[in-house]
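Working notes, beginning with the structure itself.
Spelled out as structure tokens, the structure:
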């Protein structure tokens, strides 16, 4: 069984500040890990994914995440927040192959001018 | 990436009626899934849509309430039957290819009065 825990349902940062969104996972098999972003009234867009290659994964819009097996973590970071980053962010885990994704509860990111 | 079209994008329905949501993918995919996102919540997997056979439902979801069809590799439907206000949600179609990530449609926002 797999699960994801996102620490913090709401994170608020100032424009230009570091963004850190936390995700811890539980998986009985080597995991595939994903971060998605959802803007208001829209579907989900993939930011980045980890599928057992490089542990530091770079995604779109300047985001990156590092897979740390020892900490069972896959935290999402961005060096400098923009107003346009305000959205809901979801971490998700799956096993290899064609298994469905299990999503965390989401973290709402607010960016303050 | 795959482009997923869902319709209707939104609907307002009366209690006791049924609504069918259609999902069309622009290219062949191996897996299709249906998720539900209740207001302010994360995504919950309803079922895996299997081509030419009965869908695989998650705990808490049954075929009588959420019948699903997938007649070919690029098309699926989800019906929400005998609706109640508790069924008011966003229903999201998703598809997965060998690369692992899940692509999402824009979702169908359903309000039941």
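Residue numbers (the working numbering), protein chains in the order written: chain A, 458 to 570; chain B, 42 to 154.
Ideal Cβ positions, reconstructed from N, Cα and C, are used throughout, including at glycine.
- By the Cβ criterion, the region 467 to 481 of chain A is in contact with the region 533 to 551 of chain A, since at least three pairs of Cβ atoms, one from each stretch, lie closer than 8 Å.
- Following the DSSP letters along the chain, one finds residue 461/A inside the beta strand (DSSP E) bounded by residues 459 to 464.
- Per DSSP, residue 535/A is one residue of the beta strand (DSSP E) stretching across 530 to 535.
- For residue 562/A, the C-beta contacts it makes with chain B under 8 Å involve 82 and 83, in order along the chain.
- Under the three-pair Cβ rule at 8 Å, the region 50 to 70 of chain B does not count as touching the region 560 to 567 of chain A.
- Cβ proximity to chain A below 8 Å picks out nothing from the region 90 to 123 of chain B.
- Residue 113/B: member of the beta strand (DSSP E) spanning 109 to 113, first to last residue.
- Taking all protein chains in view, the Cβ of residue 533/A is crowded by 16 or more other Cβ atoms within 10 Å, so the residue is classified as buried.
- Of the other Cβ atoms in all chains shown, 16 or more fall within 10 Å of the Cβ of residue 504/A; this residue is therefore buried.
- Among the residues facing chain A, residue 152/B is not included, as its CB has no counterpart in that chain under 8 Å away.
- Nearest to residue 553/A by alpha-carbon distance, out of 486/A, 496/A and 470/A, is 486/A.
- Put simply, the CB of residue 77/B is far from chain A, with every gap to its CB atoms at 8 Å or more.
- If only complete runs of 3 or more residues are kept, the region 469 to 504 of chain A shows the beta strand (DSSP E) at 476 to 484 and 489 to 495, in order along the chain.
- Any Cβ of chain B closer than 8 Å to the Cβ of residue 524/A would place that residue at the interface, and such an atom is absent.
- Straight across, the Cα-Cα distance linking residue 138/B with residue 71/B is about 5 Å.
- Residue 52/B is bridged by DSSP to 151/B.
- The closest CA to that of residue 94/B, considering only 86/B, 147/B and 109/B, is found on 109/B.
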